[in-house]
Amino acid sequence: MTLPAALRRDDRVAQAAKAKHRKRLSYAFYLLCVLIAMLSVVVLVVLLLSISVQGSSRLSTDLLTQSHSELRPAEAGMWPAIIGTLFICGVCALTALPLGIGTAVFLEEFKPRRSELRLLRKWIRLPSQTWNGIANGLFRALRWFHGFIQLNISNLAGVPSIVYGLLGLSLFVYMFNVFGQIKVNEADGWELFGVQHYYQVLSLERGQVVLIPMEEGDPPTKKITQPLAGVTTAGQPIEIQVWQPGTPKPTGAVERRQTVRKGATGGRYSRHAWYYFRLPFGRSFLAAGLTLSLVILPLVIISTQEALRAVPPSMREASLGLGATTWQTTREVCLPAAVPGIMTGSILSMGRAIGEAAPLLVILGAAIAKNSGPKHLMDDAVTMPVLIYNWAGRQQEVYQELAAAAIIVLLVVLLIMNSLAIYLRQRLRQK
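The numbering of the sequence shown is our numbering, which starts it at -13 and goes up by one.
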C-alpha cells in the first residue's frame, strides 16, 4: 500500500472515530435532558399525589359553599375567598388588560418614524437646514424615549410581586397621605359618596340599638341627655326618648326599643351603599385589584407585543400600500390577526393574578374571618391564595387537609383557564 493511500485510510478511520464520539455525546446529552425532564415530572406528580391524598377527604359542597370557621373547622369552606378572588381579579382584568394591550399597540405599531415628522414640515416655516437638524434631534429623542420605555417594561416583568405589594400599599391604600391619614373611628380621608354616618346607641330593649344621624364635624362619640330624632336599624324614623335611672322603665317592647338610658354613649357607625367611594382607597378589594394589575401589566404588554410581531409584515405593507392610515392598518389588519396571541397572553396573565398571595397579604393582611364577599367598593376581601396561606400555617390536621383541598380547587381553576386559552387560540386561528 502506498503512503498516500495509507494516509487516506487513517484519515477515514479518524473521521469515523470522531463521528462515533459525537454521536455518543449527542446520545448522552439527549439522555441527560430526558432524565431532567422526567425528574421534573416525577416531582410534580409526587406533589400532586400528596396534595390529592391529603385533601381529597375535604372535597365536598361545604368546601365551596361555607366560610372559614374557628369553632367548627370541619365545616369550614372557601366561598367568601372564591367571591373575593373573582372581585379582585375582575378589577385587575378591567384595568390591566385594556391598558396593557393599548400600550403594546402604541409601542409596536406607532414607533417613531421620520415620515411622520415630515408631516410637521407643512406647519413649521423654517429653513431646510435648520428644520433637518431639529427633525433629526427630535427623531433621536423619540427613539431614545421609546427604547427607554421598552427596556423598563422588560425589567418590570422580573420584579418580585412583593415589591408591587409595597408600591400598592403606598399608592392605592394610603395614596402617599395626600388625602389625609386613615385613622380609627374617624372619617377615612375624603369620602365622596355612598356613605351615611350615625351614632349607634343601645336601647332599653335587650340586644336592640337605635341610630342617630351624624352631621359633618360631629365628634366620633356622643352622650345622649335629651330626646332627639333618630332611625331604627331598618331605616324607619323615630323619636328617641331618654330614661332617667331611678324612674319607672317603659313596659311596652316598642317603647323600650325607642328609649335609651340617660348618659348613654353612642359610637360611630357607618352605612355604605355598594357604590361607596373614598380617597384613599384603604385596605379594600379595589386597591388589591389595582395592585395586581401592576403585577401582570408588564406580562400583558410583552405578550401582546409578541403577538403583534408575529403578524407578517407583508400584511401591513399591503394595507399601507392601498392608502390606509397606520391606525386603520392596526385596527383592521394587525389586531384581528394578533387576537389569538393576545387572548392567550391575557388569560395566562390572569392565571398568575389568581395565584398571587404576597401583594394581597401586604394590601389586605392575613385576616380571613369574613362570611361573604365584598359589599361595597371600599370593602375588604379574602382570596383563595391568602386563605390557603392561613390554613397551611396552622398546626391542626384538619386545616392542613383543608389547605390541600383548597389547593386542588385553585389548580382546577388554573387548569380551566389554561385550557380556555388553548381552545380560544385554536378557534381564532381557524377563523
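For every residue, glycine included, the Cβ atom is placed at its ideal position computed from N, Cα and C.
Residue i - containing alpha helix (DSSP H), residue span
i      : result
Ile424 : Residue numbering for the chain in the displayed model covers -13 to 417; residue 424 lies beyond these limits and cannot be assessed.
Pro299 : 299 to 307
Val398 : 383 to 416
Pro345 : 344 to 350
Gly379 : Where Gly379 is concerned, there is no enclosing alpha helix (DSSP H), given that its DSSP letter is neither H nor E.
Ser147 : 147 to 154
Proximity of residue i and residue j at Cβ, strictly below 9 Å
i      : j      : result
Met329 : Leu197 : no
Ala79  : Met336 : yes
Pro322 : Gly253 : no
Trp65  : Ser53  : yes
Gly70  : Gly359 : yes
Leu406 : Ile333 : yes
Leu388 : Thr369 : no
Gly154 : Ala273 : yes
Asp365 : Phe271 : yes
Lys209 : Gly268 : no
Leu265 : Leu157 : no
Leu85  : Ile135 : no
Gln382 : Pro146 : no
Gln345 : Leu400 : The sequence given here places Pro at residue 345; Gln does not occur at that position. No, the pair does not count as a contact, with Cβ atoms beyond the cut-off.
Ala390 : Arg99  : no
DSSP-derived helix/strand/coil call for residue i
i        : result
Leu30    : helix
Gln291   : helix
Gly88    : helix
Val159   : helix
Arg317   : helix
Met(-13) : Residue confidence for Met(-13) is low, a pLDDT of 49 falling below 50, so the modelled location carries little weight; the figure read from the coordinates is stated next. Looking at Met(-13) - three-state DSSP - the assignment turns out to be coil, as it is neither helix nor strand.
Val368   : coil
His54    : coil
Gly180   : strand
Leu265   : strand
His7     : helix
Ile354   : coil
Pro98    : coil
Thr277   : helix
Gly133   : helix
Pro449   : Residue 449 is absent from the model: the chain starts at -13 and stops at 417.
Tyr16    : helix
Thr312   : helix
Val164   : coil
Arg2     : For the sequence presented, residue 2 should be read as Ala rather than Arg. In the structure shown, Ala2 sits in a helix (DSSP, three-state: H, G or I).
Met64    : coil
Ser46    : coil
Ala296   : coil
Gly175   : coil
Gly123   : helix
Ser36    : helix
Ser140   : helix
Short CB-CB distance (under 9 Å) between residue i and chain D
i     : result
Leu30 : Among the protein chains of the structure shown there is no chain D, as only one such chain exists.
Between the CA atoms of residue j and residue i - distance to the nearest angstrom
i      : j      : result
Ile22  : Leu35  : 20 Å
Gln416 : Ile408 : 12 Å
Gly216 : Pro236 : 18 Å
Ser256 : Val181 : 7 Å
Pro231 : Pro223 : 25 Å
Ala259 : His362 : 6 Å
Ile139 : Leu280 : 11 Å
Leu129 : Asn122 : Here residue 129 is Arg; the residue named in the question, Leu, does not match the sequence. The straight-line gap from Cα to Cα measures roughly 11 Å.
Lys9   : Ser26  : 26 Å
Gln1   : Val28  : 40 Å
Ser189 : Glu202 : 24 Å
Val372 : Val31  : 24 Å
Leu214 : Gln194 : 17 Å
Ala14  : Lys6   : 12 Å
Tyr184 : Pro199 : 4 Å
Glu292 : Ala90  : 9 Å
Ile394 : Cys75  : 19 Å
Leu17  : Ile374 : 38 Å
Thr289 : Gly331 : Correcting the residue type first, residue 289 is Ser in the shown sequence and not Thr. Distance between the alpha carbons of Ser289 and Gly331 is about 5 Å.
Ser300 : Ala324 : 14 Å
Glu342 : Ala296 : 30 Å
Val348 : Phe125 : 43 Å
Ser42  : Thr81  : 36 Å
Ala49  : Met24  : The residue asked about is misnamed: residue 49 is Leu in this sequence, not Ala. In a straight line, the C-alpha of Leu49 is about 34 Å away from that of Met24.
Val384 : Val159 : 34 Å
Gln386 : Ile37  : 10 Å
Ala421 : Ala392 : This structure gives no information on residue 421, because the portion of the chain shown stretches from -13 to 417.
Gln412 : Thr311 : 30 Å
Arg302 : Glu318 : 10 Å
Taking the runs of the alpha helix (DSSP H) that are 4 residues or longer, which of them lie wholly in the region 185 to 261? Inside the region 185 to 261, DSSP marks whole alpha helix (DSSP H) runs of 4 or more residues at positions 239 to 243, from first to last along the chain.
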